[in-house]
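This report concerns only the one structure given below.
2 protein chains.
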Amino acid sequence: MEPVPMLLAMTYRAMGDQFHDRLRQIGLEPLRPAHGYVFRFLKAKRATTVDIGQHLGVTKQAAAKIVNELDEWGYVLREPHPTDKRAQYVTLTTKGRDYLKFADNLWSDLEAEMAEAIGQDTLDTIRTGLAAYLQHVHGEDQPGLRPVW
Amino acid sequence: MEPVPMLLAMTYRAMGDQFHDRLRQIGLEPLRPAHGYVFRFLKAKRATTVDIGQHLGVTKQAAAKIVNELDEWGYVLREPHPTDKRAQYVTLTTKGRDYLKFADNLWSDLEAEMAEAIGQDTLDTIRTGLAAYLQHVHGEDQPGLRPVW
DNA sequence: AGAATAAGGTCAACCTGGTTGTCTAGTAGG
DNA sequence: CCTACTAGACAACCAGGTTGACCTTATTCT
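Here the protein sequences line up with chains G and H, keeping their order.
When the letters of the first sequence are read in order and numbered with our numbering, they come out as residues 38 to 186.
When the letters of the second sequence are read in order and numbered with our numbering, they come out as residues 38 to 186.
See the structure below:
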């Protein structure tokens, strides 16, 4: 019997691969999961590079690299912090928001296909079950989304 | 609402971190998930480095590195292939088998705690649901367990 | 049998996505 | 104002992979 974590990893891979494949057909930059998490985070709140690193669970230097890429590709831009002259807010451009919208639709599609394959109720149970487990382990303050492997 | 893959990744991390923590308390070498997968694979069948690479979904060179480590640490040893003078079988030592046993117990403990937290039936549904999805996506020939992130 | 091709294993160079460590400029609290 | 801290940039490094070349042994095809 496969250990549960193995199933989690394999399923994650399977969904991620499909996501990536379909994305590539559109011909967008080779965005990695971390980029997506940044978009989602930036949509929710204004944030600096340090904030992003914290959220991702990586060092600020690693976060800075990611932000640089996103900047070069036009998904985000930096604007001066109103009160702190050291800091810069990282904000989504229109391209960034469009990407996020597109990605969200794609995820919805993939989840819908999953629901079709294993049943909506089963999928719901998976979702709530995993969420409950995370709640149980981490309590309120969920940790970053650091690299998985 | 969190996308499902995010939940998968976070849960995988959470379980993996706990596994790693408890393992470290025992003071064993810093084995990574890939090493564990190798053990599991070697227990099931005799295999060469190339086979291992295939199973892991990495190049034979990457597999060779892993096997080298495991060899140095005494978890596996190489023995000549009976009919093919090029090839070597990689086999588990007693230390390797002991580790695997220990790890399996640890995983069981973690799953038991998970079951306690979210309910045995929920956990069962998660397990069968994910397995069914993988079956649906990949059919019979499951792919390797390549790095997840 | 002999030649061409494929496969196991090793070596070496390189790439990527992270790390630590150091520095400057700006902030905040006593 | 002085001290301690923080945002961000720069550089060196590391781990875990990759690609490519190679040698040796196997296999296949004529």
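Cβ coordinates follow ideal geometry from the N, Cα and C atoms, glycine included.
Three-state secondary structure assigned by DSSP to residue i
i                     : result
residue 117 (chain H) : strand
residue 152 (chain H) : helix
residue 82 (chain H)  : coil
residue 59 (chain G)  : helix
residue 111 (chain G) : coil
residue 40 (chain G)  : coil
residue 66 (chain G)  : coil
residue 102 (chain H) : helix
residue 48 (chain G)  : helix
residue 97 (chain H)  : helix
residue 138 (chain G) : helix
residue 122 (chain H) : coil
Beta-carbon proximity check, residue i vs residue j, cutoff 8 Å
i                     : j                     : result
residue 46 (chain H)  : residue 49 (chain G)  : yes
residue 53 (chain G)  : residue 70 (chain G)  : yes
residue 29 (chain H)  : residue 96 (chain H)  : Outside the shown range of chain H, which is 38 to 186, sits residue 29 (chain H), and nothing can be said about it.
residue 125 (chain G) : residue 119 (chain G) : no
residue 162 (chain G) : residue 162 (chain H) : yes
residue 147 (chain G) : residue 80 (chain G)  : no
residue 154 (chain G) : residue 173 (chain H) : yes
residue 143 (chain H) : residue 56 (chain H)  : yes
residue 82 (chain H)  : residue 111 (chain H) : no
residue 44 (chain G)  : residue 168 (chain H) : yes
residue 85 (chain H)  : residue 101 (chain H) : no
residue 171 (chain G) : residue 51 (chain H)  : yes
Chain G within 8 Å of residue i, Cβ atoms only
i                     : result
residue 175 (chain H) : yes
residue 41 (chain H)  : yes
residue 155 (chain H) : yes
residue 51 (chain H)  : yes
residue 137 (chain H) : no
residue 106 (chain H) : no
residue 186 (chain H) : Here residue 186 (chain H) scores only 47 on pLDDT, less than 50, and its place in the model should not be relied on; the value that follows carries that caveat. Closer than 8 Å to some Cβ of chain G, the Cβ of residue 186 (chain H) qualifies, so yes.
Unbroken beta strand (DSSP E) run spanning residue i, endpoints
i                     : result
residue 129 (chain H) : 125 to 129
Where the alpha helix (DSSP H) containing residue i begins and where it ends
i                     : result
residue 90 (chain G)  : 86 to 93
residue 160 (chain H) : 157 to 175
Closer than 8 Å to chain H by CB, residue i
i                    : result
residue 46 (chain G) : yes
- Message: Give me the subset of the region 74 to 99 of chain H whose CB atoms are less than 7 Å from a CB atom of chain G, sorted by chain position.
- Response: none
- Query: What residues in the region 160 to 171 of chain H have a beta carbon less than 9 Å from any beta carbon of chain G?
  - Reply: 160, 162, 163, 164, 165, 166, 167, 168, 169, 170, 171
- Where the region 140 to 155 of chain G meets chain H: residues whose CB sits under 7 Å from a CB there: 144, 148, 151, 154, 155
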